[in-house]
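To start, the structure itself, in structure tokens.
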Amino acid sequence: MQPFWNADPMHGIYLVTGDCPFHDLDFVVAQAARAGVCAVQLREKTADTKTFLARARRLKQILSGTGIPLIINDRLDIALACGAEGVHIGQSDMPYADARKLMGENALIGLSVETWEEVEEAQSLDLAYIGVSPVFSTPTKTDTKTPWGLDGLARIRAFSRHSLVAIGGLNTANTADTILSGADAVAVVSAICSAEDPYAASRDLIRKFEIKGEK
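Mapped onto our numbering, the consecutive letters of the sequence shown carry residue numbers 856 to 1070.
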């Protein structure tokens, strides 16, 4: 089903997959897509390559025709094999220049930034977005540096030419403040994946953007 709220692929609620205690992953992604998330990132830290690729292909099929891009976390080989629209890389992953060469000029490439030096280095790169990580502390991201906080996010917004995807500890309680501090998109994991009703949870988060747009 074509979502009714998806004007910009990097503006809105950006779903990053995680543990789904109430439903299988395919159902959660389908419901989030129906609600109108702006992007879906498949993040797999423990799955073997065969399993990762099979999941990626299923999600690519679910998102087909919706206009919602599938972003693969870390693994360019998976992104290429399943035909994903983009890849998200961290500072210890394949360098941007190599990722761009392999993925092509039209691919959406996002890059995590955890220090100010990394923000400055990203300025010259042709990125779809930078992932401000983490904004708040979160159990889903335990290998990152000190949280940026809203002040750090605002500082990056004042400097960076890129779209900003905020990630880390984000939910319905702090999404509005995160947007007002400069985020173009808000990445969430458990706020949707752990919801009993992933469609309703997605819509609640999306309304924060709709309300912010009316101010």
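No residue lacks a Cβ here, since even glycine has one placed at the ideal position from N, Cα and C.
Beyond the five residues adjoining it in sequence on each side, L1005 comes within less than 8 Å, by CB distance, of V990, D1032, T1033 and S1036 in the same chain, given in chain order. DSSP, reduced to helix, strand and coil, places L870 within a strand of the structure shown.
A894 carries a strand assignment under DSSP once its states are collapsed to helix, strand and coil. With three or more CB-CB distances shorter than 8 Å, the segment 1043–1055 counts as touching the segment 869–888. Ranked by how close their Cα comes to the Cα of D874, the residues S967, T901, C1048 and D1059 have C1048 in first place. At the C-beta level, V892 and I926 stay beyond 8 Å of one another. The beta carbon of P924 lies closer than 7 Å to those of P864, A894, E940, G941 and L963 in the same chain, with the five residues before and after it left out.
Residues of the same chain with a CB within less than 7 Å of the CB of H1017, apart from the 5 flanking positions on each side, are A977, L982, Y984 and I985 in chain order. Bounds of any alpha helix (DSSP H) do not take in G986; it lies within the beta strand (DSSP E) bounded by Y984 to V987. Between the C-alpha atoms of D1039 and V1020 there is a straight-line separation of about 6 Å.
V1020 is bridged by DSSP to G986 and A1040. Where G1007 is concerned, the enclosing alpha helix (DSSP H) starts and stops at G1004 to F1014.
A Cβ-Cβ distance of about 12 Å is found for the pair L1060 and V1044, leaving them out of contact under the 8 Å criterion. Cβ neighbours of C937 within its own chain (closer than 6 Å, five residues either side excluded): A911, R912 and K915.
Between A1013 and the set V974, P950 and R889, the nearest pair of CA atoms involves V974.
The beta carbons of H943 and N961 sit about 16 Å from each other, so the pair does not count as a contact at 8 Å. Rounded to the nearest whole angstrom, the C-alpha separation of R898 and I1022 is 13 Å.
Taking the CA atoms as reference points, M958 sits about 14 Å from D948. In the three-state reduction of the DSSP assignment, I1061 falls in the helix class.
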